[in-house]
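Below is one structure; the comments refer to it alone.
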Amino acid sequence: MGRRGASQRRPPPPDDAFLGIDLGTTSSRAVIVVPKTQQTYDVLHTTGGSSNGRFTEGEFSSTIYPIDGNVPLYNGNIIAQGRVAMSAKLSFPSLVSKKFVMELYQEGYALVLSHLELLKDDGARQRAVEGIKELFKTISRCLDTQFSGEGDEFTIRAIGLSIPAHWTLDFEDLYRSIIIETFNGFQGEIKFLTEAEALGHYLFRDHHKLIIPAKRGPGKNSKGEKYEEQDHGRSVVLVLDFGGHNMNGCIMDIVSGSQEEYPGFYHLTKAKDAGGGSEQGSDLNSSLSYHSSFKSLSNPINSKWEHYVAEECIGMMMEEGVIRSRQDVKPEQRQLILDDFNAFKKDMPESSNKKFYVSCLLRDGSKAYLPEPLDHGEIIAAHKKAFESAFQVADSMIKEAAVLSNQAARIIVTGGSIKSRLTEEKLKELCQKHGIDENNLVCIAKRGVHGLNMRVAHGAAYAIAHQLSVKEFMNRGTAFGMQLRTFGTRTHRDRDQEPWNDQASLIFSQARPHNPVRFNSNGLCECKIICDPFFRDSKSDFLLYNKCYDVLDFGRLRLGRWTFYMNIIDTDQGTSLRLQGKGIDYVNPNRVLLKKTWVFDMYTNVGANAVHLGSPDKTPYEIFGEIWKDVRPDKQETSTTSVRNEQTREGSRRMPTRNNEKKGHGVCLGNALPPMELSTIRHLPRSYSHRPTGNVIEATPRLGQDDILEEHSTENRSADSASRFTSANLTAVNQAQRVEDIIKVEPVSDDDYP
Numbered sequence: 001m002g003r004r005g006a007s008q009r010r011p012p013p014p015d016d017a018f019l020g021i022d023l024g025t026t027s028s029r030a031v032i033v034v035p036k037t038q039q040t041y042d043v044l045h046t047t048g049g050s051s052n053g054r055f056t057e058g059e060f061s062s063t064i065y066p067i068d069g070n071v072p073l074y075n076g077n078i079i080a081q082g083r084v085a086m087s088a089k090l091s092f093p094s095l096v097s098k099k100f101v102m103e104l105y106q107e108g109y110a111l112v113l114s115h116l117e118l119l120k121d122d123g124a125r126q127r128a129v130e131g132i133k134e135l136f137k138t139i140s141r142c143l144d145t146q147f148s149g150e151g152d153e154f155t156i157r158a159i160g161l162s163i164p165a166h167w168t169l170d171f172e173d174l175y176r177s178i179i180i181e182t183f184n185g186f187q188g189e190i191k192f193l194t195e196a197e198a199l200g201h202y203l204f205r206d207h208h209k210l211i212i213p214a215k216r217g218p219g220k221n222s223k224g225e226k227y228e229e230q231d232h233g234r235s236v237v238l239v240l241d242f243g244g245h246n247m248n249g250c251i252m253d254i255v256s257g258s259q260e261e262y263p264g265f266y267h268l269t270k271a272k273d274a275g276g277g278s279e280q281g282s283d284l285n286s287s288l289s290y291h292s293s294f295k296s297l298s299n300p301i302n303s304k305w306e307h308y309v310a311e312e313c314i315g316m317m318m319e320e321g322v323i324r325s326r327q328d329v330k331p332e333q334r335q336l337i338l339d340d341f342n343a344f345k346k347d348m349p350e351s352s353n354k355k356f357y358v359s360c361l362l363r364d365g366s367k368a369y370l371p372e373p374l375d376h377g378e379i380i381a382a383h384k385k386a387f388e389s390a391f392q393v394a395d396s397m398i399k400e401a402a403v404l405s406n407q408a409a410r411i412i413v414t415g416g417s418i419k420s421r422l423t424e425e426k427l428k429e430l431c432q433k434h435g436i437d438e439n440n441l442v443c444i445a446k447r448g449v450h451g452l453n454m455r456v457a458h459g460a461a462y463a464i465a466h467q468l469s470v471k472e473f474m475n476r477g478t479a480f481g482m483q484l485r486t487f488g489t490r491t492h493r494d495r496d497q498e499p500w501n502d503q504a505s506l507i508f509s510q511a512r513p514h515n516p517v518r519f520n521s522n523g524l525c526e527c528k529i530i531c532d533p534f535f536r537d538s539k540s541d542f543l544l545y546n547k548c549y550d551v552l553d554f555g556r557l558r559l560g561r562w563t564f565y566m567n568i569i570d571t572d573q574g575t576s577l578r579l580q581g582k583g584i585d586y587v588n589p590n591r592v593l594l595k596k597t598w599v600f601d602m603y604t605n606v607g608a609n610a611v612h613l614g615s616p617d618k619t620p621y622e623i624f625g626e627i628w629k630d631v632r633p634d635k636q637e638t639s640t641t642s643v644r645n646e647q648t649r650e651g652s653r654r655m656p657t658r659n660n661e662k663k664g665h666g667v668c669l670g671n672a673l674p675p676m677e678l679s680t681i682r683h684l685p686r687s688y689s690h691r692p693t694g695n696v697i698e699a700t701p702r703l704g705q706d707d708i709l710e711e712h713s714t715e716n717r718s719a720d721s722a723s724r725f726t727s728a729n730l731t732a733v734n735q736a737q738r739v740e741d742i743i744k745v746e747p748v749s750d751d752d753y754p
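Numbering (full-length UniProt numbering), first residue to last: 1 to 754.
Structure representation (structure tokens):
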């Protein structure tokens, strides 16, 4: 019996595994995560070749060779000397949209324009696609070879692909088709998340002690202001990844859990990226110079800061008579300059007088140095030029994080470019500018965190391996609220500069699912639904905007008295959000403007670690076009363009997040909308308020000054508005609002419920 039982025993089913892939500009990486065993495996390149010091051994070169018509189109980690080389990643924009390439070029992504010039004919573009496929076939083969032995029984259930924040749905379609073709037999899910989101998942899982600070205080901040001891139950963390070719960033809200509960997090704002870095592609004036510069590098990806410096050094060599013209520069000579400067720049602060001497290869093969060093000011100027767009985005995100956290945010910085002290000093300057203590700036490469090259691939795998279901997300204590932005008829400031209310009226939570919200719109009022994933059993009737992300942006609402009611529906097909709305005429309460119910599917966005509405493969207009047409004024534009190629992933894969550093308090989905003609609305009151009745929550217009634009906060916003409008403080506190604009009306009747 024992033997027969043993012979009938089936082998255990293979464990579920999840593959994360990071397509980099210079090299690509792949990681497998097996949640059951809590094991993580790096997929390593095993076919030989050399990284030439530009990326870690075992990674996969991202270099392809589609221009000359020769084979192979992908040569693994072996440099194909004498052939025009391109980055697989930077080829994607040219394969998707010429118009998009021009937009990226203007935003600081210099190499994409040169790639477009090289990929201008159909044959070259097709060969580029085939070259990219060969790269992923190599990853697939190495995966099969590395894990084909006994004891490695697992099945890949899903693949997570990290992508730049600016990639559109068309990029994802092309990328998905390549993965399906190159990973033979794969039939699981393919999920996309931004590189910044993947980095956030990696840090949260592997280094959460670095991003979740311990208790602090009492003490003083950078402005000398005292603060009491804080336990940081919720912490705002800005993650900035200064890679060699671009900068990625995202702001997260970290919620510390109990001893039995793993800390939670979600992204407060949409991920951002910018071109620029120590190894960003050179901005060259012609395809001819582009060809020659690419051929001159043993690593085919030129470097922006390094390129500017190398050009200065070559000019000095011409002045000294070492070479006659730039065409005389051999690949070995240029590479020598780049390697020397790459080592030099790591310990060169802006205030240093450290000198960089140019090394030259003489005709007899010997090595010598030019008598005069490169001017220090030229090096500083080259750095500023190379990082200009990256620092602009970093500045806006640090400012936003400071506002969201009352200047207590932690700024976590990773990436190869942070090794330069110039980059680190600039970030310290930006933190000081926005009132964030220098001690809150953490460069994790200096905190014992090693093996960072795989960090984004790890994060992509972690995100899909530990993905929450919608129901699990809701059960953590999720709540939704309605946030308003009101405009007076005499308000002449830019609509985008008008602040949103600091608080949102609770419309739904697990503990209190029945909370109709009423408010009145003068035809200029804007409204959106926001979500606090960790509201839990709070007794408050309001959600704080700095703990929430956007779920549904209505835009401007028609003139009338509005009531909204929301609930969550669970079915066998999934979870949906049902929103009921009713609007009645402001003058004639018997005239119903609208009475309708909208139902939106809900899904978990793996990158943001949060629930969103609709589908990840639909544009905002496809998801929200119906409700926009229903509730917005007839004269208002109802959408952004529905052309898929124009929809960025951050705009199309999820609702825009609550804050935008230029706007201060909110991002409105859709094109900027001009205000209505004053002649048509002069008789309308600016805003309304009423006392809540029963369980109805009042959505109270915010009265007060813009704390972000004025760069300081206004406390006690809920105080009686009349006390603010004295002759002394009217101009200072409410430059954009007049006393006669604030008009109270009686409460709305119960008949207004949908």
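In this text, a Cβ means the ideal position worked out from N, Cα and C, and glycines have one as well. Since this is a predicted model, take the numbers as computed values, not measurements.
Query, Result
"Are there three or more Cβ pairs, one per stretch, closer than 8 Å when the region 235–250 is compared with the region 408–420?", "yes"
"Who pairs with W562 in a beta bridge, going by DSSP?", "F519 and G583"
"Smallest Cα separation from H458: which of S61, T37, T56 and L161?", "L161"
"Quick check on I418: does DSSP put it in helix, strand or coil?", "helix"
"Assuming residue 831 is part of the alpha helix (DSSP H), what are its boundary residues?", "With the chain running from 1 to 754 in the structure shown, residue 831 is simply not present."
"Sorted by chain position, which residues of the same chain lie with C-beta nearer than 8 Å to V470's C-beta, five sequence neighbours on each side aside?", "G574, T575, M602, Y603, T604 and V611"
"Buried or exposed for F18, please, with buried defined as at least 16 other CB atoms from any protein chain shown within 10 angstroms of its CB.", "buried"
"Under 8 Å: do the region 351–362 and the region 317–331 share three or more Cβ pairs, one atom per stretch?", "yes"
"Cβ atoms of G131 and P66: under 8 Å apart, would you say?", "yes"
"Can you give me the start and stop residues for the beta strand (DSSP E) that T529 sits inside?", "It is worth fixing the name first, because residue 529 is Ile in this sequence and not Thr. It spans E526 to D532 - the beta strand (DSSP E) in which I529 sits, taken as one unbroken run."
"Can you give the beta carbon distance from T194 to A271, rounded, assuming they're within the 8 Å contact cut?", "4 Å"
"Tell me which same chain residues have a C-beta within less than 6 Å of the C-beta of G20, skipping the five on either side of it?", "V31, G160, A457, A460 and A461"
"Between which two residues does the beta strand (DSSP E) holding S359 run?", "S359 to L361"
"Per DSSP, what kind of secondary structure is T194 in: helix, strand or coil?", "strand"
"Report back the beta-carbon spacing between A394 and V237 to the nearest angstrom; my notes put them in contact at under 8 Å.", "In fact, because the Cβ distance is near 15 Å, the residues do not count as touching under 8 Å."
"Would S87 pass as a contact of E59 if the rule is Cβ separation under 8 Å?", "no"
"Taking C-alpha atoms, which residue in K596, V631 and S389 lies nearest to C527?", "V631"
"Which two residues bound the contiguous alpha helix (DSSP H) that contains Q146?", "D122 to Q146"
"Less than 8 Å between the C-beta atoms of L119 and S91, yes or no?", "yes"
"Taking DSSP as the reference, what is the three-state secondary structure of R482?", "In the sequence under discussion, the amino acid at residue 482 is Met, which differs from the Arg named in the question. Reduced to three states, the DSSP call for M482 is strand."
"With 16 as the cutoff for other CB atoms within 10 Å, does S399 come out buried or exposed?", "Going by the sequence as given, residue 399 is Lys instead of Ser. Classification of K399: buried, given that the 10 Å Cβ count is 16 or more."
"By DSSP, does W500 sit in helix, in strand, or in coil?", "coil"
"Note down the Cα distance separating S292 from G82, rounded to an integer number of angstroms.", "Bear in mind that a pLDDT of 32 at S292, under 50, signals an unreliable position, so the model cannot answer this."
"Excluding the five sequence neighbours on either side, which residues of its own chain have a C-beta within less than 7 Å of the C-beta of H201, listed in chain order?", "G459, Y462 and A463"
"What whole-angstrom Cβ distance do E438 and K426 have, given they're in contact under 8 Å?", "About 13 Å separates the two Cβ atoms, so there is no contact after all."
"For F344, which residues in the same chain have their Cβ closer than 8 Å to its Cβ, ignoring the five residues on either side in sequence?", "K354 and F356"
"Rounded to whole angstroms, what is the Cα-Cα separation between Y545 and I436?", "20 Å"
"Hey, I379 and V309: beta-carbon distance below 8 Å or not?", "yes"
"With contact counted as at least three CB pairs below 8 Å, one residue from each stretch, are the region 547–561 and the region 583–593 in contact?", "yes"
"G264 and A196 look like a contact to me (Cβ under 8 Å); what is the Cβ gap, rounded to whole Å?", "Actually they are not in contact, since the Cβ atoms of G264 and A196 sit about 18 Å apart, beyond 8 Å."
"Output the boundary residues of the alpha helix (DSSP H) element that contains Q333.", "P331 to F344"
"To the nearest angstrom, how far is the alpha carbon of Q187 from that of R334?", "46 Å"
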